[in-house]
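Residues -20 to -1, 1 to 245 in mature numbering (1 follows the signal peptide of the UniProt record, and there is no 0) are what the sequence shown lists, from first letter to last. The beta-carbon is built from N, C-alpha and C at its ideal position, and this holds for glycine as well. It should be emphasised that the depicted structure is a prediction, and the values quoted were computed from it without experimental measurement. Accompanying notes for the structure given below.
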Amino acid sequence: MGSCFLVVFVVLLFSSSVNACDRCLHRSKAAYFSSASVLSSGACSYGSMATGFFAGHIAAAVPSIYKDGAGCGACFQVRCTNPSLCSTKGTAVMVTDLNMSNQTDLLLSSRAFRAMAKPVLGADRDLLRQGIVDVQYQRVPCDYGNKKMMNVRVEEASKKPNYLAIKLLYQGGQTEVVAIDIAQVGSSHWSYMTRSRGAVWVTDKVPTGPLQFRFVVTAGFDGKMLWSPRVLPANWEAGKIYDAGVQITDIAQEGCDPCDDHIWN
């Protein structure tokens, strides 16, 4: 890959029977984990950090959403459809794990599951008693509040000069990172990183000095390359988190029917 990293994006022609949507409306079922710690030890490799995302509103998602790890960090607004128990807004969740169940698309933390209930005393407990409920969900941009920039965490396994493992945090927008290239700042010699597990990317060809990254972000019918000119200082350390200096804000369209062009409230 390396210098051949330039990606040619093929523009797909939309079928007349499929709309190009910012947000596709999906219908399925959802259940919950009684312990959020199960999700924090999940396939995305966020570890104990997972429960701090979205105030613990996290979820495991089926392979079509998880996408071999590319879906890690994706955000969805999900609401249950029982009008006697559920609000019309639902709640936002972030994908932190893989759900292999063939009964539900999403397994929510109990906190997120309760948050779908109407703001009426006892409604959240009644909802929990259901165990599994019919839901609608749509992809939405991630909003991390005061975390305005994407971050890069250097994983503990990293060791100069032979191995670097990074994890992307606080990715915004509504796309997936599908490739990462790395080079010394000021150099045009790029080498590629590979996805190791979930949100973790690795390379055994670690450039010296301060490091820059290129990210390919894509989903549905849209894609682009995003350059982060300086991310890791020359003295980067394992276990530390660094500001990427950029944020993904794109909302890529998908082909689906029906569309849902607004965020529920």
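Checklist entry - Should G152 and Q83 be called a contact, given that it needs their Cβ atoms to be closer than 8 Å? => result Taking 8 Å as the Cβ cut-off, G152 and Q83 do not qualify as a contacting pair.
Item to check | Residues near residue 246 by beta carbon distance below 7 Å, same chain, minus five either side | outcome: Since the first residue shown for the chain is -20 and the last is 245, residue 246 is missing from the structure and cannot be characterised.
Item to check | Backbone CA spacing between Y46 and A39 [nearest angstrom] | outcome: 11 Å
Next on the checklist: Quick check on the DSSP output: the alpha helix (DSSP H) that includes F93 runs from which residue to which?
Outcome noted: S90 to A95
Checklist entry - For G203, which three-state DSSP category applies? => result If DSSP states are grouped into helix, strand and coil, G203 belongs with the strands.
Item to check | Distance between A159 and A103 (C-alpha atoms, nearest Å) | outcome: 43 Å
Checklist entry - Cα-Cα, which of I162, W244, H242 and D237 is closest to P210? => result Per the sequence shown, residue 210 should be read as Arg rather than Pro. Out of I162, W244, H242 and D237, I162 has the C-alpha closest to the C-alpha of R210.
Checklist entry - Which class does G49 belong to by DSSP, given the choice of helix, strand or coil? => result helix
Checklist entry - CA-CA distance, S176 and L101? => result 45 Å
Item to check | Cβ-based neighbour list, N245, same chain, cut-off 8 Å, excluding 5 preceding and 5 following | outcome: Residues of the same chain with a CB within less than 8 Å of the CB of N245, apart from the 5 flanking positions on each side, are T68 and K69 in chain order.
Item to check | Cβ shell of S81 (< 8 Å), same chain only, five flanking positions each side left out | outcome: A11, V42 and L87
Checklist entry - Which same chain residues, not among the five before or five after residue 247, have their C-beta less than 6 Å away from its C-beta? => result In the structure as shown, the chain starts at -20 and stops at 245, and residue 247 therefore has no counterpart that could be examined.
Checklist entry - Per DSSP, F193 is paired with what? => result I162 and S208
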